[in-house]
Structures are given as C-alpha cells and as structure tokens.
Amino acid sequence: MTEEIFAHDGYLTEFEAVVSATDGDWVSLDCTAFYPGGGGQAHDKGTIRGVSVEKVERRKNEIWHLCPGHGLEAGDKIWCSVDWERRYELMKGHTAEHMLFGALSRLVPDLNIIKIDIEYGDKYVVIDRDVSWDVISDAVASVNAAIEENLSVLKSSMDRDDPELEHIRAKLDRIEGSEISVVEIDGFDIAACSGLHVMETEEIGFVFADRRVSSGKDGYAIHFKVGEAAKRVSSELAYACLKVSDALNSKPSDAEKAAANLLSDLNGTRAMLKKAGKALVTGAGEKRISGAAVRYGVFPADIDTLAEAAENWKAEGHTVILATDSDPSYVILASGDERIDCRKILTDVLSSVGGKGGGKKDFSRGGLLKGSDPTAFVEKAADAVGDILSSL
Ligand SMILES: [Zn+2]
18 MTEEIFAHDG YLTEFEAVVS ATDGDWVSLD CTAFYPGGGG QAHDKGTIRG VSVEKVERRK
78 NEIWHLCPGH GLEAGDKIWC SVDWERRYEL MKGHTAEHML FGALSRLVPD LNIIKIDIEY
138 GDKYVVIDRD VSWDVISDAV ASVNAAIEEN LSVLKSSMDR DDPELEHIRA KLDRIEGSEI
198 SVVEIDGFDI AACSGLHVME TEEIGFVFAD RRVSSGKDGY AIHFKVGEAA KRVSSELAYA
258 CLKVSDALNS KPSDAEKAAA NLLSDLNGTR AMLKKAGKAL VTGAGEKRIS GAAVRYGVFP
318 ADIDTLAEAA ENWKAEGHTV ILATDSDPSY VILASGDERI DCRKILTDVL SSVGGKGGGK
378 KDFSRGGLLK GSDPTAFVEK AADAVGDILS SL
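Using my numbering, the letters of the sequence shown correspond one by one to residues 18 to 409.
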C-alpha cells in the first residue's frame, strides 16, 4: 500500500521514498506525493531519481509511476520531485472549477454538472444546459470577488451515511470507499471531492471563462483559465472587442446591438436581392432558335433561383440555358424538348470553356472554373442547341 502524501499535503512536492516494486517501465513506491489523477484533475508529472515521470495511476491501494528507463529495483532509496508548476496550476484550476460551478448554480436553479476536465492547458466544466454570456460573466465576477476576499478552502471528511451529505454537491456513485472527502470554500461552495485544491482563494489570482461550446448530448462545456493565462486572454478578448466596435463604428457597449442591426439589414438585403434576381430571371426574354423556344442568359441570382425558373420553363417544353453572374459561375442546361441531350451539350461546352458538370438528359448543371466567362458558356451552349435543332 502506498502512503499518499498528497492526500494530507498538496504543497509537498520533494520527498524521499523507497521503491516497493517495479513492473517494466512502471515503479511503485512506499509513499508518494504524485497525484494519480481523479475527480476530473489530471495526474502529476515530475522526476524520480532524475528520470521523468510521464504518467501516474492508481491500481487498488498502490500508486504506480511510469518512468521509462528508470533502472530501479525494489528497496532502492530515491529522491523524487513533483513538477510544481504543473501541479499548482491543476490545484488552482480545480478550486476555480468548484467556485465557477457554485456561482453558476446560484444563478441557474437545478443546474447539473456532467463532467469536469482540469488539464495543465485546457480546463472546462460540462453543465447540462446552455447558459448565456450574461450569466457566465455574472458568475465569473462573483468568483473573482471571492478570490479577492481570500476565502479559506477547508478540507474535511464525512461518513458516506451522514445525512448532512444530502446538502452537499456530491456524485456519490463516482466515489469509492465509506469516507467522503469534502471541500468547503468558506461561505461560497461546498462539494464532495478527493482532488487537490489550494488553501486560500487568493492563490488562484484570477478566473476568466473564454469559451462555451456544445458538447453534444452531454450539454455545454464552459472553458476557463486561471491566473496569468486568464488575465492574458481577457485582455486579448477585450482588444478584439474594441477592434470590432471600431469596425462597426459603435461604442463597445453598443457593439452587440450594432452587430445585430447589421445582420438584420444584411438578411433584408439578401432577401431583396433574391427577389430581384428571381424577377430578372422570370422576365428573361424568349428567343426562337430554329423554331424552338429557348431562354438563355447570365443573371445576378443564385443557382437555386435559376434552377426553379429552369424547372418551370422546362415543364412548358422550353430549352433553358442559364448562368449565375458570379465568380465562379454556376450553370444550368434544361430542356422539355426530348431531341436535346442537355447532359452531353453541357459537358461538351464546359470542357471547352473550363468547368465541370453532369446530371440528366433533360436537366443538367455544373460550375465554371474561377475566372471563366459565363457569357461564353451561354453563347456556346445556345449555338450547340441551334446546331442540333437546325440539323433535324
Ligand atoms: Zn475538487
């Protein structure tokens, strides 16, 4: 059985131990300060007699350390060192996670925590629903106020059967043993947790939530940073917002409204353009080539509008050759005249003007290469249709 130093002292990182067993690249010790990971917190790294510890894991009552090339034997007395920078970052992140979730659940009743992931780089908490940036920013503000107040982080343990546990946030099904470790951030949050935490909230420095993403059926992940990284990212994002408000020609406090107005204007303009494009296409003149009705031209409309018009004219027995006035341009060749093989004409003309396409004998479509002239396509296709009709 390994004595777990980290369980009673999260700050002790240099220690002497005796090798109790080895298993290939793995080493177990009589005592260790290396946290094997758990409660969403990543495992420690560091060195054992100067050899790097890449992974740590718990196997029943023993804690094993992966140290490739360790060269150790049972009974060796060794000096060990936990990577403190990594460990301290994980302790701060883990404590911040308790505070962030505690603050969020005060603002959103019945909020549930689904998953926690505290890594050296990325840190996030998955909650069972989406919450707005307004709620997140209120929660983060109350966390940072509590950090400034320098609240104590107290550790205690309770019996699994203790009725008081009902008032404490705990995923008891995920915790083994009869004794439950409880972490209380003085007056701010209380939760069952066997991970490692700082002793005072001031140590965290600063918390900033910088990303919220759907994590599928699980819910929503709120990513956050602590300490200097949190200050850095909050400053970067503040300047990004200032640049956006300059671009929108608005005050930062009005940028959100200005962007919403712009988007609504844009959608209105798009709808109007679509309508105008449709009117242009439907108003396209009819030409007679060898006695058959042919409609053709290049139009400032999207391919769906052209396809709809083409279907209608095709139903009336017309031949239709249409191209979008865009770069690259999209083209359609359709015909209600069964003497016309649209796919063949389209692919022939596209290979001469540059482009690709395909489809059916009565309706085919394609795209020109970027920079290719849609007028050339339309004219060549009209010539090809004329040649076929006049030869019959
Ligand atoms: Zn914890």
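For each residue, glycine too, the CB sits at the ideal point set by N, CA and C.
Asked, Found
"Given the structure, does GLY212 come close to ligand 1, in the sense that its CB is under 7 Å from one of the ligand's heavy atoms?", "yes"
"Please confirm if the region 41-53 is in contact with the region 95-107, defined as three or more CB-CB distances below 8 Å between the two stretches.", "yes"
"Can you tell me which of the three DSSP states ASP400 falls into?", "helix"
"Taking only the alpha-carbon atoms, compute the straight-line gap between ASP404 and ARG305 and give it to the nearest angstrom.", "13 Å"
"At which residues does the alpha helix (DSSP H) containing TYR256 begin and terminate?", "244-265"
"Three or more C-beta pairs under 8 Å: does that hold for the region 314-331 against the region 289-297?", "yes"
"In the DSSP assignment, find the unbroken beta strand (DSSP E) run with GLY372 in it and report its ends.", "372-376"
"Shorter than 8 Å from the beta carbon of TRP81 to some beta carbon of chain B?", "No chain B is part of this structure, which consists of one protein chain only."
"Out of GLU114, LYS109, GLY86, GLU183, point me to the one whose CA is closest to HIS240's CA.", "GLU114"
"Which term fits SER346, buried or exposed, when burial requires 16 or more other beta carbons within 10 angstroms of its beta carbon?", "buried"
"Which same chain residues end up closer than 8 Å to SER389 when comparing Cβ atoms and leaving out the 5 residues on each side of it in sequence?", "PRO345, SER346, VAL370, GLY371, GLY372"
"Does the beta-carbon distance from VAL311 to VAL395 come in below 8 Å?", "no"
"Hey, would you say the C-beta of GLY56 is under 7 Å away from at least one heavy atom of ligand 1?", "yes"
"Could you check the C-alpha separation between ASP271 and SER262 for me, to the nearest Å?", "8 Å"
"On the CB-based measure, 16 or more other CB atoms within 10 Å of its CB, does GLU106 come out buried or exposed?", "buried"
"What is the DSSP secondary structure of LYS274, reduced to helix, strand or coil?", "helix"
"For CYS258, I'd like the list of residues in its chain whose CB is within less than 7 Å of its CB, leaving aside the five on either flank, ordered along the chain.", "PRO269, ALA272"
"Please determine, among LEU254, LEU280, SER252, the residue with the shortest C-alpha to C-alpha distance to LEU265.", "LEU280"
"Which same chain residues end up closer than 7 Å to GLU220 when comparing Cβ atoms and leaving out the 5 residues on each side of it in sequence?", "LYS109"
"Put THR30 into one of helix, strand or coil per three-state DSSP.", "coil"
"Do you know offhand how far LYS234's Cα is from ASP134's?", "17 Å"
"Quick one: using the 10 Å Cβ neighbour count with 16 as the cut-off for buried, is VAL243 buried or exposed?", "buried"
"Going by CA-CA distance only, name the one from VAL402, CYS84, SER195 that's closest to LYS62.", "CYS84"
"Kindly examine ligand 1 and report whether one of its heavy atoms sits closer than 7 Å to the Cβ of HIS115.", "yes"
"For the alpha helix (DSSP H) that HIS25 lies in, which residues bound it at each end?", "22-25"
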